[in-house]
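Those sequence lines, one after another, are chains C and G. So the number in the numbering used here is just where the residue sits in the first sequence, counting from 1, plus 15. So the number in the numbering used here is just where the residue sits in the second sequence, counting from 1, plus 1068. Report on one structure; see the data block that follows.
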Amino acid sequence: MSVQPCCVIVGAGQAGLQLAVSLRDLEYAGRIVLVGEEACVPYQRPPLSKAYLLGKVEPDNLQFRPSTFFQEKKIEYYEGVCVDSVEREQRQVRLSSNEVLSYDHLVLATGASNRRLPLPGIELEGVCELRSLADAQQVRDRLSGCRKAVVIGAGFIGMEFAAVAAQLGITVTVVEAASRPFSRALSNDTADYLAALHREQGVVFRCDAQVNEVLGDASGHVCGVELENEDRIDADLVMTGVGVVPNDSLARASGLQVDNGIVVDEYLATSDPAISAIGDCASYPSAFSDAARVRLESVQNAVDQARTLAQRLTGQSIAYTKVPWFWSDQFDTKLQIAGLSAGHDQTVRRQQAGKRGFSVFCLRGDRLLAVESVNSPADHLLARKLIEGSASATKEQIEDPDFDLKLLINN
Amino acid sequence: MPSITYVHPNGERQTVEVKSGTSVMQAAMAEGISGIVAECGGSAMCATCHVYVDPEFVEHVPDVQEIEDEMLECAASERRESSRLSCQLVVSDEMDGLVVHLPETQV
Chain C
16 MSVQPCCVIV
26 GAGQAGLQLA
36 VSLRDLEYAG
46 RIVLVGEEAC
56 VPYQRPPLSK
66 AYLLGKVEPD
76 NLQFRPSTFF
86 QEKKIEYYEG
96 VCVDSVEREQ
106 RQVRLSSNEV
116 LSYDHLVLAT
126 GASNRRLPLP
136 GIELEGVCEL
146 RSLADAQQVR
156 DRLSGCRKAV
166 VIGAGFIGME
176 FAAVAAQLGI
186 TVTVVEAASR
196 PFSRALSNDT
206 ADYLAALHRE
216 QGVVFRCDAQ
226 VNEVLGDASG
236 HVCGVELENE
246 DRIDADLVMT
256 GVGVVPNDSL
266 ARASGLQVDN
276 GIVVDEYLAT
286 SDPAISAIGD
296 CASYPSAFSD
306 AARVRLESVQ
316 NAVDQARTLA
326 QRLTGQSIAY
336 TKVPWFWSDQ
346 FDTKLQIAGL
356 SAGHDQTVRR
366 QQAGKRGFSV
376 FCLRGDRLLA
386 VESVNSPADH
396 LLARKLIEGS
406 ASATKEQIED
416 PDFDLKLLIN
426 N
Chain G
1069 MPSITYVHPN
1079 GERQTVEVKS
1089 GTSVMQAAMA
1099 EGISGIVAEC
1109 GGSAMCATCH
1119 VYVDPEFVEH
1129 VPDVQEIEDE
1139 MLECAASERR
1149 ESSRLSCQLV
1159 VSDEMDGLVV
1169 HLPETQV
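As structure tokens, then:
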């Protein structure tokens, strides 16, 4: 009697779930075990910092698939269970439920965790973060009684929250260590545009500023923050959004190579050929960063890496070469980013007459690295194709609204 | 509650009842209807929830907005007059009986 192979997937976020689904779609001939540490059906995270907080979506609408789906697809979903250790020699994992699972292939899709600020007062009631549905539920509850909010960190999560809070009539102050919001994620042009949008809606920025301490009242509830220069800002809610750290401790403990994430090759394989890693936790060499390692936190990265790996595990080994893309919603503005802008030395703005949207093209020399599109999905879609083909473009071509950029697509 | 019928490329039909205010995409996800991917979760960012509205209902659904219009251009399956992103189709009582056809592929 032949024994069925078994693929164990650690982590039931967007990457882990997509892998399970894609393996079944590609007729993987074996068991698929999906282990998730949260005690619920896998759900979408992007709306948690946006529509969910505004009350436009309910938890039921966040589920990727109904609970019956797993049985139908013969995906063994272990919810509320952690993987405590990997025993590579025996090819087995030990679960927090004390169960031991043998694997033929193990996939780490463990995601990332929010970075914690080592600040006095950070444990006070009313200091929040956003990652899980439980976090978002807590924030949503607190928003109803909130009048003043302080956001620490002007990255995407912090700014999406700021936009929501401002829309709800809350006075919002954003404290950022760098000299401008979004400085790690966006070109200065796009960052300044979005910051201006926030200011118009009443959001106040304190850039080049550090929080010294989170202040509490007698009941242990947050009442504000104190900056390094001793300025005090009142708040009944403090949101922290200061980046993430990859969940690579399981890989580390198993002796796999780890370097700002679980190190994988272009096939998403770790240093152990029986183990792969995908999604937020995986550090891979990207064709769109001159083969430098990147670790991306996005839906696209999670989903496309899962699909690529599913192909390898069903016999069609291909390298992961998808163009990275990202999005954010703030107020009624849609931001879409294609490519990786790190290392750009020039930005060029392109705007079509009569359109409210525009795009910022990030170049190194003539090589197009990334395009940030504001309310211009057509530009974004074109940008993905341009970047996929390593297109070059000149400043004059980009600036000229009559020049058809499609002519630059390399096939 | 209004009902929506999803017609798969092989002709198979699935009919579900949905609350008004739910999008055609959300209803499909909740019912586990394959053929709608909805990678971006309904933000009109990915064009993987593409459907063709049945000719009989084209006039009963709200108009395509600019963002959706641009995104539809990148749908994986052919764009037609009746093409919509189902995340942008919010079901109302007037749309009871809506029939949408699923494309061959979403990615």
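For each residue, glycine too, the CB sits at the ideal point set by N, CA and C.
- Under the rule that a run must span 3 or more residues, the beta strand (DSSP E) segments found entirely inside the stretch 1125 to 1160 of chain G read 1151 to 1153.
- Under the three-state reduction of DSSP output, Lys337(C) falls in the coil class, being neither helix nor strand.
- Secondary structure note for Gly354(C): its beta strand (DSSP E) is the uninterrupted segment 348 to 354.
- When the alpha-carbon of Ala1143(G) is set against those of Glu411(C), Ile402(C), Ala393(C), the nearest one is in Ala393(C).
- Straight across, the Cα-Cα distance linking Val122(C) with Ala180(C) is about 38 Å.
- Within the DSSP bridge table, the entry for His1118(G) names Leu1153(G) as partners.
- Positions of the beta strand (DSSP E) runs, each at least 3 residues long and wholly inside the stretch 125 to 186 of chain C, are given as 127 to 129, 163 to 167 in order along the chain.
- Secondary structure within the stretch 1082 to 1117 of chain G: the alpha helix (DSSP H) runs of 4 or more consecutive residues, fully enclosed, are 1092 to 1098 (chain order).
- Not a single C-beta of chain C is nearer than 8 Å to the C-beta of Glu1085(G).
- At a C-beta separation below 8 Å, Asp150(C) has no neighbours in chain G, since its nearest C-beta there lies roughly 17 Å away.
- With distances taken between CA atoms, Leu350(C) lies nearest to Ser202(C) out of Arg106(C), Ala297(C), Glu87(C), Ser202(C).
- One alpha carbon belongs to Glu1099(G), the other to Thr409(C), and they sit about 49 Å apart.
- Residues of the stretch 76 to 93 of chain C with a Cβ closer than 8 Å to any Cβ of chain G, in chain order: Asn76, Leu77, Gln78, Phe79, Arg80, Pro81, Thr83, Phe84, Glu87.
- Thr329(C) sits away from Ala302(C), with the two beta carbons spaced by 8 Å or more.
- The bridge partners DSSP lists for Cys22(C) are Ile47(C), His120(C).
- Among the CB atoms of chain G, none fall inside 8 Å of the CB of Ala124(C).
- Straight-line spacing of the CA atoms in Ala192(C) and Arg39(C) works out to 46 Å.
- Neighbours of Ala1098(G) in chain C, taken as residues whose beta carbon is under 8 Å from its own, are Asp75, Asn76, Gln78, Pro81 in chain order.
- Under the Cβ criterion (8 Å, minimum of three pairs), the stretch 47 to 58 of chain C counts as touching the stretch 143 to 162 of chain C.
- Residue state for Ser407(C) is assigned as strand, using DSSP reduced to three classes.
- Taking the CA atoms as reference points, Glu73(C) sits about 44 Å from Asp415(C).
- The three-state reading of DSSP puts Met1163(G) in helix, counting H, G and I together.
- In terms of beta-carbon proximity, Gly1109(G) lines the interface with chain C, with at least one pair separated by less than 8 Å.
- Where Gln107(C) is concerned, the enclosing beta strand (DSSP E) starts and stops at 107 to 110.
- Across the stretch 49 to 65 of chain C, CB contacts with chain G closer than 9 Å involve Gln59, Arg60, Pro61, Pro62, Lys65, in sequence order along the chain.
- DSSP, read as helix, strand or coil, puts Glu104(C) in coil.
- Under the criterion of beta carbons closer than 8 Å, Val1167(G) and Glu1134(G) do not qualify as touching, at roughly 26 Å.
- Judged by beta-carbon spacing, Leu271(C) lies within the 8 Å limit of Asp287(C), meaning their Cβ atoms are closer than that value.
- In the structure shown, Gly270(C) adopts coil according to DSSP, grouped into three states.
- In the same chain as Glu94(C), and ignoring 5 residues on each side of it, the C-beta atoms closer than 6 Å to its own belong to Gly51, Ala54, in chain order.
- For a Cβ distance threshold of 8 Å, residue set Glu1107 of chain G lies close to Val318(C), ordered along the chain.
- Secondary structure note for Arg379(C): its beta strand (DSSP E) is the uninterrupted segment 373 to 379.
- In this structure Val36(C) is buried. Its beta-carbon is surrounded by 16 or more other beta-carbon atoms within 10 angstroms.
- In this structure, the CA atom of Ser1088(G) is about 11 Å from the CA atom of Ile1072(G).
- DSSP places Asn227(C) in the strand class (E or B) of the three-state scheme.
- Residue nearest to Val219(C) within the set Glu228(C), Glu144(C), Ala178(C), Cys238(C) is Ala178(C) (criterion: CA-CA distance).
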